[in-house]
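The listed protein sequences correspond, in order, to chains E and Y. No gaps in the numbering here: position 408 of the first sequence is 408 in full-length UniProt numbering, and each next residue is one more. No gaps in the numbering here: position 349 of the second sequence is 349 in full-length UniProt numbering, and each next residue is one more. Beta carbons: idealized from backbone N, C-alpha and C, even for Gly. Quantities reported herein were computed from a predicted structural model and do not represent experimental measurements.
2 protein chains.
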Amino acid sequence: MDVTHDPATLSWVESANDPATDFSIQNLPFGRFRRNALEPWQIGVAIGDQVLDLHAVGLIDHLDMQRLMAAPVTERRALRLSLWEGLRAGSALQKVWSQALLRQSEVEMGLPCEVGDYTDFYTGIHHATTVGKLFRPDNPLLPNYKWVPIGYHGRASSIGASGQQFHRPQGQTLKPGAAVPDFGPSARIDYELEIGAWVAGGNGLGEPVAMAQAEDYIFGLTLLNDWSARDVQAWEYQPLGPFLAKNFATTVSPWMVTLDALAPFRADFERPAHDPQPMAYLDSAHNRAAGALDVQLEVWLQTPAMLAAGNPGQRLSTSNMRDAYWTLAQLLTHHTVNGCNLRSGDILGTGTLSGPAPEQGGSLLELTQGGKMPLTLANGETRTFLQDGDTVILRGYCTRAGVRRIGFGECRGTLLAAR
Amino acid sequence: MDVTHDPATLSWVESANDPATDFSIQNLPFGRFRRNALEPWQIGVAIGDQVLDLHAVGLIDHLDMQRLMAAPVTERRALRLSLWEGLRAGSALQKVWSQALLRQSEVEMGLPCEVGDYTDFYTGIHHATTVGKLFRPDNPLLPNYKWVPIGYHGRASSIGASGQQFHRPQGQTLKPGAAVPDFGPSARIDYELEIGAWVAGGNGLGEPVAMAQAEDYIFGLTLLNDWSARDVQAWEYQPLGPFLAKNFATTVSPWMVTLDALAPFRADFERPAHDPQPMAYLDSAHNRAAGALDVQLEVWLQTPAMLAAGNPGQRLSTSNMRDAYWTLAQLLTHHTVNGCNLRSGDILGTGTLSGPAPEQGGSLLELTQGGKMPLTLANGETRTFLQDGDTVILRGYCTRAGVRRIGFGECRGTLLAAR
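So, in structure tokens, the structure goes:
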């Protein structure tokens, strides 16, 4: 915690002082924007409803986000301090920097960086338990779950920025009781509410990252929607895990919220007394005291009927990143303990972050009990899984009395009809 | 088949005319070399024991292998023809091109290109059956196997070129009968004999590639060793598949052998009468007539004792790419049928290519029945899994009477002691 976290600081960018903004001067998340499709991606920082062009103000001399992410954590903190200095009310830089501001509504936001490898974890124990019951009623939570931060590799090429639209995928599915699979459009398209952690720097092959250093290797966090075709997943996933059920699209929010910005929202990480404690390589005093993050999460659905009626959507669920069974440091350390090398621009998904209550499920699979209990929406529509034209919006934010709000913006994606 | 396949053609590069060479003028595989670590990677073509520098002879005006791979298949064929014209005995270009030759023994070979996404399939039905028996004695081959080309995403960052050395990974394992896992160096490090197919060009998100076009999206093939930690795998792989058991290292041979070079070694693809036929999206007359490839495969082991004795190693097994249950076109079409986008530089592994006989297993897991039956080597040593200092060498080649040999070179990797 340093001067950049002082809740009393206001910005000369007026919209950043709105108590409801996601992008107060205490936040300062990084992303890539462009004015039009002919322009290369530029590096920007969100402040209120504006974007500050980092190259234009001379804080960087290149346009390569990976390079910025690879800087040592001390340099990254120095950059944050420079941004705070320039953007705070009364800054001598106001006159010059105000020339480098663009309205967020007038730029396109892209992926925050070129994506390297994508790993998805499974840290939502409530999700794992509920889904496990559907796939394996007698054995919902497998014996390894409380020991191993379960993860698998995902598809990097199909990760898109908020606003992504994709067609309902085709695939093989096995109807209940059938002996022979069918081929056609998936009938069970779902979302998954996750946080994605973008890797900063990286480790050499064969060089594990210890818990004490793990957080230095995380640049920032975004919201992540791990779209899933449940019927394809059920038929294909044994024995090597999900493949075509997941790799047709994954959507992330455009702004990387740094761990520095989230410092006031750290929380202790505690295991229930009857659960095994983390093995030594996944344990540290800092992790126990402050390894978790108190990020409030929401899923919203906007159906085509809502869109037509000017309805911005309906909230389907709320949960919290604290519901994760493993911390980000544990995920990163576990990932590298065998010598696997991470690189700037890799992304680690948390897995679906569902809360403990049934209505806190971070996917329709959970909220509808595998499609058996349709949701009735406020406008009278019903849903088991997503229908063509449905838009799913993820939101995330941190609030606490006496501290300025830090938000993630939104992660929005739309399912189009099968081709 | 065209003039480049004429077995009567000889090269003015004498070593390319040796009947035992992998790199006859009928082959012409692509790779990246450098004279020293200060030089950027250059694009080269193997010919006999030499490398032809493509930039030096003016056939390309850049050093970007991905860009070369992204060229339309007609352009790639035209380049192959130009190479054949310049390298054949009697070519007017001999004098100029001989200035652009380097001895393979004097250059370092790197990864053939920057790696995009890495997907690993599971097409070796004999491997899947044998391994399935070890993990699930009552249910070796799951019901989806003969319908779905099973695949999963692998780790791109830890793929290295032949010569890769890596430390024995640490990880969690569960001893037989134990209730609580251990942490330490894996005791069951294994290799897997595979072929990797490098993607050329690519498809847009949401745009599946049909069987008729699928082969145009494959630039060439390499050998691939999917190193595996079996004890880590057994404990971690449920329910999302292998993760740390595989992502500590994957080794590929440096030369991409084009599908054009392999044209004389195409084979019919036939399903046993009692097996389901491929679904319509995975079927084509061309695939049935010529979708398979007759590539002979070998695994060699060189222990530290062999190395000390000047022994180049012992052959552990032989098999053939025809032992795969799915063709490359089927893998690529299946991968994209849901709209997943592929890009130049992506690599698709076949999965372990074991033959039908027990001694044809493409991994030690198979050859030693899960470590229960040690192999006795010719020098008296025994192995269940790999020991520190062991080098595994994969080889692949095509031979047939009246046709020139086409080889893959070798894929070599060494297991070092745990750190």
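Residue 419 of chain Y touches chain E at which residues, Cβ-Cβ below 9 Å? Within 9 Å Cβ-Cβ: 206, 207, 208, 339.
If you reduce the DSSP assignment to three classes, tell me which class residue 232 of chain Y lands in. Three-state result, residue 232 of chain Y: helix.
Looking only at its chain, what residues have a beta carbon closer than 8 Å to the beta carbon of residue 270 of chain E, apart from the 5 residues adjacent to it on each side? Counting only residues of its own chain and dropping the five nearest sequence neighbours on each side, residue 270 of chain E has a CB closer than 8 Å to the CB of 288.
List the residues of chain Y whose Cβ lies closer than 9 Å to the Cβ of residue 342 of chain E, in chain order. The contacting residues are 157.
Select from the stretch 134-154 of chain E all residues with a C-beta closer than 7 Å to any C-beta belonging to chain Y, and list them in chain order. Taken in chain order, the members of the stretch 134-154 of chain E whose beta-carbon sits within less than 7 Å of a beta-carbon on chain Y are 142, 144, 147, 148, 150, 151, 152, 153, 154.
Residue 366 of chain Y CB to nearest chain E CB: under 8 Å? The beta carbon of residue 366 of chain Y sits no closer than 8 Å to any beta carbon of chain E.
Considering Cα atoms alone, identify which of Y/396, Y/107, Y/400 is closest to residue 256 of chain Y. Comparing Cα positions, the closest option is Y/396.
Return the Cβ separation of residue 160 of chain E and residue 222 of chain E in integer angstroms, given the expectation that the two are a contact with Cβ distance under 8 Å. Here residue 160 of chain E is actually not in contact with residue 222 of chain E; their C-beta atoms are around 12 Å apart, not less than 8 Å.
So is residue 325 of chain E in contact with chain Y if we call contact Cβ pairs under 8 Å? Closer than 8 Å: no.
Closer than 7 Å between beta carbons: that is the criterion. Which residues of the stretch 173-199 of chain E meet it against chain Y? 181, 183: these are the residues of the stretch 173-199 of chain E whose beta carbon lies less than 7 Å from some beta carbon of chain Y, given in chain order.
Could you name the residues that DSSP lists as bridge partners for residue 298 of chain Y? Bridge partners of residue 298 of chain Y according to DSSP: Y/318, Y/395.
Do you know how far the Cα of residue 284 of chain Y is from the Cα of residue 338 of chain E? Distance between the alpha carbons of residue 338 of chain E and residue 284 of chain Y is about 43 Å.
Bridge-paired residues (DSSP) for residue 403 of chain Y: Beta-bridge annotation (DSSP): residue 403 of chain Y is paired with Y/400.
Decide yes or no for the touch test of the stretch 409-419 of chain E against the stretch 384-394 of chain E: beta carbon pairs closer than 8 Å, at least 3 of them. Counting Cβ pairs under 8 Å, three or more are found: they touch.
Close beta carbons around residue 233 of chain E, own chain, < 6 Å, minus the five adjacent residues each side: Hits under 6 Å: 242, 245.
How would you label residue 115 of chain E, buried or exposed, when you count the other beta carbons within 10 angstroms and need 16 or more for buried? Residue 115 of chain E is buried by the Cβ-count criterion.
Starting from residue 30 of chain E, follow the beta strand (DSSP E) in both directions and report where the run begins and ends. It spans 30-34 - the beta strand (DSSP E) in which residue 30 of chain E sits, taken as one unbroken run.
Could you please tell me which residues of the stretch 96-112 of chain E, in chain order, have their CB closer than 7 Å to any CB of chain Y? Here the close residues number zero.
Hey, does residue 33 of chain E have any beta-carbon neighbour from chain Y nearer than 8 Å? No, no contact with chain Y.
In chain order, what residues of the same chain lie with their CB nearer than 6 Å to the CB of residue 360 of chain E, ignoring the 5 residues before and after it? Here the set comprises 317, 319, 354.
Expected contact under 8 Å - CB spacing of residue 341 of chain E and residue 204 of chain E to nearest Å: The beta-carbon separation of residue 341 of chain E and residue 204 of chain E, rounded to 6 Å, stays under the 8 Å limit for a contact.
Taking 8 Å as the threshold (beta carbon to beta carbon), is residue 254 of chain Y in contact with chain E? In terms of beta-carbon proximity, residue 254 of chain Y stays away from the interface with chain E, with every pair separated by 8 Å or more.
Run through DSSP, which three-state label would residue 160 of chain Y get? If DSSP states are grouped into helix, strand and coil, residue 160 of chain Y belongs with the strands.
For the stretch 123-189 of chain E, list the beta strand (DSSP E) runs that are entirely contained and at least 3 residues long, ordered along the chain. If only uninterrupted beta strand (DSSP E) runs of at least 3 residues are considered, those enclosed by the stretch 123-189 of chain E are 151-153, 159-161, 164-167, 170-173, 182-185.
From what residue to what residue does the alpha helix (DSSP H) around residue 77 of chain E run? Element bounds for residue 77 of chain E: 73-87.
Using the three-state DSSP reduction, which class does residue 376 of chain Y fall into: helix, strand or coil? In the structure shown, residue 376 of chain Y adopts extended strand secondary structure according to DSSP, grouped into three states.
Between which two residues does the beta strand (DSSP E) holding residue 251 of chain Y run? Residues 250-252.
For residue 185 of chain Y, which option in Y/248, Y/218, Y/131, Y/155 has the closest C-alpha, if you only look at C-alpha atoms? With distances taken between Cα atoms, residue 185 of chain Y lies closest to Y/248.
Best match in Y/24, Y/379, Y/376 for proximity to residue 8 of chain Y [C-alpha to C-alpha]: Here the closest residue by C-alpha is Y/24.
Which residues share a DSSP beta bridge with residue 218 of chain Y? The partner list for residue 218 of chain Y (beta bridge, DSSP) reads Y/199.
Is residue 158 of chain E near the ligand PLP, in the sense that its beta carbon is under 7 Å from a heavy atom of that ligand? Questions concerning the ligand PLP fall outside what the structure shown contains, since it holds no ligand whatsoever.
Along the alpha helix (DSSP H) that carries residue 288 of chain Y, what are the first and last residues, could you check? For residue 288 of chain Y, the enclosing alpha helix (DSSP H) has its first and last residue at 285-290.
Neighbourhood of residue 237 of chain E by C-beta, 8 Å cutoff - its chain only, sequence neighbours within 5 removed: The beta carbon of residue 237 of chain E sits closer than 8 Å to those of 243, 245, all from its chain and outside the five residues before and after it, given in chain order.
How should residue 225 of chain E be labelled, buried or exposed, when 16 other C-beta atoms within 10 angstroms of its C-beta is the threshold for buried? Answer is buried; the Cβ neighbour count reaches 16.
Which bits of chain Y does residue 167 of chain E rub up against, with CB to CB less than 7 Å? Those are 206, 339, listed as they occur along chain Y.
How do the stretch 138-151 of chain E and the stretch 361-373 of chain E stand: do at least 3 beta-carbon pairs fall below 8 Å, yes or no? The stretch 138-151 of chain E is not in contact with the stretch 361-373 of chain E.
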